[in-house]
Amino acid sequence: MIDLNGISLRNRLITSSSLLGYGAPKGRFAVLGLSPISNFVDLRRFGAVTVRTVTTQPREGHFTLKESWRVSEIPELLRLYRGALQEADAGWLNAFGWSNIGIDRYFDEYFPRTTEQNRILSLGGFSADEFASLVERVNSQAPSGSLAAVEFNVSCHNVNFDFNPIIEEVLKRAVPASRFPVILKLSPDFDYLAHARLAEANGVAALSAINTVKGLRLDPKSGAPLLKNRYGGLSGRAIKPIGLRVVSELREAGIRLPIIAGGGVRTFNDVREYGWAGADAASLGSEAWLKPLWSMPLAPLHGLHIRRLIRQVEGWSPR
Ligand SMILES: Cc1cc2nc3c(=O)[nH]c(=O)nc-3n(C[C@H](O)[C@H](O)[C@H](O)COP(=O)(O)O)c2cc1C
Numbered sequence: 000m001i002d003l004n005g006i007s008l009r010n011r012l013i014t015s016s017s018l019l020g021y022g023a024p025k026g027r028f029a030v031l032g033l034s035p036i037s038n039f040v041d042l043r044r045f046g047a048v049t050v051r052t053v054t055t056q057p058r059e060g061h062f063t064l065k066e067s068w069r070v071s072e073i074p075e076l077l078r079l080y081r082g083a084l085q086e087a088d089a090g091w092l093n094a095f096g097w098s099n100i101g102i103d104r105y106f107d108e109y110f111p112r113t114t115e116q117n118r119i120l121s122l123g124g125f126s127a128d129e130f131a132s133l134v135e136r137v138n139s140q141a142p143s144g145s146l147a148a149v150e151f152n153v154s155c156h157n158v159n160f161d162f163n164p165i166i167e168e169v170l171k172r173a174v175p176a177s178r179f180p181v182i183l184k185l186s187p188d189f190d191y192l193a194h195a196r197l198a199e200a201n202g203v204a205a206l207s208a209i210n211t212v213k214g215l216r217l218d219p220k221s222g223a224p225l226l227k228n229r230y231g232g233l234s235g236r237a238i239k240p241i242g243l244r245v246v247s248e249l250r251e252a253g254i255r256l257p258i259i260a261g262g263g264v265r266t267f268n269d270v271r272e273y274g275w276a277g278a279d280a281a282s283l284g285s286e287a288w289l290k291p292l293w294s295m296p297l298a299p300l301h302g303l304h305i306r307r308l309i310r311q312v313e314g315w316s317p318r
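Numbering that gives the first Met the number 0 puts the sequence shown at residues 0 to 318.
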């Protein structure tokens with residue numbers, strides 16, 4: 000076990016919020032709502048699995064909450080996917096807009112089925128009140144030790160909301176109220192140094208850096224945006240140098256909190272690079288799920304790669 004300022008991780012490789020959904024498939028088999036790699040990688044082997052951001056109420060976002068699809072409806076499902084997620088420029092552009100089932104259904108349907116994983120629950124809200132009520136709900140539903148931490152997502156672009164004005168109040172109210180250590184997820188597009196200082200001043204246990212980078216792609220012929228929300232969050236290998244810059248600048252600015260670094264992590268060398276920049280652990284995002292459709296049959300090989308990566312990180316400590 001690794002102890003990051005009160006956050007217990009099984010090793011230094013965790014998964015980033017959302018990429019492994021709620022940590023379990025909807026039904027018995029990992030077809031819907033979960034990465035194909037979960038069929039080939041034991042999710043208990045990750046340092047922790049960070050659950051998709053949940054909100055006080057279910058949200059469609061820019062996607063859908065519909066869960067059963069007839070074969071004839073698959074084209075409609077693919078259309079919705081294309082409006083929320085596109086492969087772009089050595090990465091992925093997504094705007095799901097916090098499409099999620101809401102915290103109550105998470106605790107009813109997924110929490111009891113994922114008890115063997117080390118879990119971090121990501122919470123998203125638009126006010127200090129919402130964060131306070133999410134934390135209250137977690138406190139009442141999650142027994143002591145059943146979550147490694149909660150992560151506050153106040154850094155997502157594709158919900159089209161300016162989090163800057165609420166961050167301080169969110170931390171002041173919700174961090175002391177939480178029975179679980181709090182991770183603050185930082186955006187490279189906001190003033191992350193100021194937010195990290197606020198985190199240190201308000202009892203946050205660790206930082207997660209970085210969330211996706213705000214981006215835009217247009218159809219070159221028509222000018223139409225590729226995503227339904229026009230703007231999206233860029234993830235994957237395209238953003239690794241930005242993630243490294245943010246981690247390094249946080250350390251240069253004297254931030255002492257543990258940093259869980261993510262942004263384009265695919266290989267053990269990526270993890271080591273983030274370690275040299277100042278990170279204490281690494282987070283696997285797009286690499287844990289996003290692959291072009293044509294490569295889905297290669298999921299067993301991809302699973303092998305991830306299992307090897309976990310083994311390599313198990314034998315690693317930064318710097
Ligand atoms: C499809 C998709 C959905 C995401 N959903 C969330 C989310 O619900 N909450 C969150 O904090 N981050 C979310 N993220 C951001 C990732 O957790 C991660 O911070 C980001 O993708 C950067 O890591 P990567 O380059 O390894 O993918 C999402 C990313 C992708 C690609």
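Ideal Cβ positions, reconstructed from N, Cα and C, are used throughout, including at glycine.
Taken from the Cβ of residue 316, every heavy atom of ligand 1 lies 8 angstroms or farther away. For residue 65, no beta strand (DSSP E) run applies, since DSSP gives it neither H nor E. Spanning the alpha carbons of residue 100 and residue 181 requires a straight line of approximately 22 angstroms.
At the C-beta level, residue 183 and residue 221 stay beyond 9 angstroms of one another. Under DSSP, residue 213 shares a beta bridge with 232. Secondary structure at residue 222: coil, using DSSP grouped into helix, strand and coil.
For residue 248, the enclosing alpha helix (DSSP H) stretches over residues 239-251. Taking the Cβ of residue 84 as the reference point, at least one heavy atom of ligand 1 falls within a distance shorter than 8 angstroms. Counting only runs of 4+ residues, the alpha helix (DSSP H) found wholly inside the segment 45-101 occupies 73-83, in chain order. Straight through space, the alpha carbons of residue 278 and residue 317 are spaced by roughly 7 angstroms. Here residue 254 carries a coil assignment [DSSP, helix/strand/coil]. Comparing alpha-carbon positions, the option among 310, 286, 25, 60 lying closest to residue 301 turns out to be 286. In the same chain as residue 192, and ignoring 5 residues on each side of it, the C-beta atoms closer than 8 angstroms to its own belong to 248, 249, 252, 254, in chain order. Boundaries for residue 12: no alpha helix (DSSP H) harbours it, while the beta strand (DSSP E) harbouring it runs 12-14, taken from the DSSP string. With 16 or more other Cβ atoms inside 10 Å of its own Cβ, residue 117 counts as buried. Residues of the same chain with a CB within less than 6 angstroms of the CB of residue 23, apart from the 5 flanking positions on each side, are 109, 112, 113 in chain order. Per DSSP, the unbroken alpha helix (DSSP H) holding residue 268 starts and ends at 267-276.
Annotated three-state conformation of residue 261 is strand, per DSSP.
Here DSSP, grouped into helix, strand and coil, assigns residue 287 to helix. Of the heavy atoms belonging to ligand 1, at least one sits nearer than 8 angstroms to the Cβ of residue 264. Here DSSP, grouped into helix, strand and coil, assigns residue 138 to helix. Within a 10 Å sphere around the beta-carbon of residue 209 sit 16 or more other beta-carbons, which makes this residue buried. If you draw a straight line from the Cα of residue 245 to the Cα of residue 16, it is about 19 angstroms long. Counting C-beta pairs with one atom in each stretch, the segment 84-95 and the segment 209-219 have three or more that are closer than 8 angstroms, which means they touch. The residue among 51, 232, 0, 43 with its C-alpha nearest the C-alpha of residue 263 is 232. If you look at residue 174, you'll find it isn't in any beta strand (DSSP E); it sits in the alpha helix (DSSP H) that goes 163-176.
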